[in-house]
Structures are given as C-alpha cells and as structure tokens.
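As numbered in the numbering used here, the sequence shown has no gaps in its residue numbers, which increase by one up to the final residue, 948. The structure appears right after this line, and notes come after that.
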Amino acid sequence: QVQLVESGGGLVQAGGSLRLSCVAPVFNSYTLGWFRQAPGKEREFVAAISGSANREYYANSAQGRFTISRDNAKNTVYLQMNSLRPSDTAVYYCAASAEGRGQFDYWGQGTQVTVSS
Numbered sequence: 832q833v834q835l836v837e838s839g840g841g842l843v844q845a846g847g848s849l850r851l852s853c854v855a856p857v858f859n860s861y862t863l864g865w866f867r868q869a870p871g872k873e874r875e876f877v878a879a880i881s882g883s884a885n886r887e888y889y890a891n892s893a894q895g896r897f898t899i900s901r902d903n904a905k906n907t908v909y910l911q912m913n914s915l916r917p918s919d920t921a922v923y924y925c926a927a928s929a930e931g932r933g934q935f936d937y938w939g940q941g942t943q944v945t946v947s948s
C-alpha cells in the first residue's frame with residue numbers, strides 16, 4: 832500500500848505564501864498532483880507534474896500563483912503557493928498516478944490551508 836504524506840499547511844494572511852510538501856514513495860515515472868477541497872465543495876484539481884517528462888499542468892485558479900515541482904531523489908513533490916487568497920482555503924491533497932493510468936490511484940490524508948483576509 833502506497834502512503835503519501837503531506838505537510839506544510841497552516842494559517843496565512845491573504846497575499847502570503849506557503850509551500851506544501853508531499854512524500855510520495857512511488858516510481859519516478861508516476862505523475863504527481865495536488866488537489867484541494869473546500870468546505871461544502873467538491874474536490875478540484877490544482878496542479879500536476881509528470882514523471883520523466885517533467886511537464887506541469889495547472890488549474891486556471893493556480894496558474895501564475897502556484898508552482899509544482901518534484902525531487903525524485905527525495906520522492907517528494909512540492910506546491911509553492913504565492914499571492915494566496917481566502918478562496919484558496921481548503922484541505923490540500925497530493926496524489927499519484929501510475930504512468931499511463933489516466934487517473935490518480937494513491938492519495939494522501941490532506942493538509943489544511945487557511946487564508947485569512
């Protein structure tokens with residue numbers, strides 16, 4: 832069973848920054864992603880980064896403010912979040928998708944991000 836573990840969440844003022852980390856003990860070929868779920872809302876995609884190709888994908892809401900990266904030597908994926916808004920408040924989850932699967936099969940427990948106005 833693959834266990835993903837997120838960290839780095841917390842309380843920050845609007846306009847501030849946070850860096851989330853997720854230890855994801857999977858093959859380097861896996862796509863790693865970040866999702867979030869706000870209270871009363873469905874989980875939504877935030878960003879993803881492919882394995883060997885290192886392509887990055889972002890939701891419109893994250894484009895230009897968030898940066899996803901990975902360190903394969905540390906089995907870790909990061910989400911640098913800048914210019915945070917109250918609307919970014921959510922539980923953030925990291926997830927992993929095996930190469931060619933087209934879906935995320937492995938998920939972390941989530942880390943809370945709260946942005947105050």
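Ideal placement from N, C-alpha and C gives every residue a C-beta, glycine not left out. Computed from a prediction, not measured in an experiment: that's the story for all the values here.
Between Q832, R901, N859 and V833, which has its C-alpha nearest W865's C-alpha? Position 34 of the sequence shown holds residue 865. Checked all of Q832, R901, N859 and V833; the closest Cα to W865 is R901.
Quick check on A926: buried or exposed, where buried means 16 or more other Cβ atoms within 10 Å of its Cβ? Start at 1 with the first residue of the sequence shown, and residue 926 comes out as number 95. Under this definition A926 is a buried residue.
I'd like to know whether the C-beta atoms of V922 and T942 end up nearer to each other than 8 Å. Residue 922 sits at position 91 when you count from the first residue of the sequence shown. Residue 942 sits at position 111 when you count from the first residue of the sequence shown. A distance below 8 Å separates the beta carbons of V922 and T942.
For the beta strand (DSSP E) that contains T920, what are its first and last residues? By 1-based counting over the sequence shown, the position of residue 920 is 89. Run containing T920: none; DSSP gives neither H nor E here.
Sequence-distant residues of its chain with Cβ nearer than 7 Å to S860 (five each side left out): Within the sequence shown, residue 860 is the residue found at index 29, counting from 1. Only G882, S883 and E930 meet the Cβ criterion.
Let me check one thing: in DSSP terms, what residues is V854 bridge-paired to? Residue 854 sits at position 23 when you count from the first residue of the sequence shown. When beta bridges are read from the DSSP output, V854 appears opposite V836 and T907.
For D902, which beta-bridge partners are listed by DSSP? The residue given as residue 902 occupies position 71 in the sequence shown. The partner list for D902 (beta bridge, DSSP) reads T907.
For G904, which residues from the same chain have a beta carbon less than 6 Å from its beta carbon, with the 5 sequence-adjacent residues on both sides left out? On the sequence shown, position 73 is the one that residue 904 refers to. Rather than Gly, the amino acid found at residue 904 in this sequence is Ala. Excluding five sequence positions before and after A904, none of the CB atoms of its chain fall closer than 6 Å to its own CB.
If you drop the 5 nearest sequence neighbours on each side, which residues of the same chain put their C-beta closer than 7 Å to that of F935? In the sequence shown, the residue the question calls residue 935 occupies position 104. G864, A926, A927 and S928.
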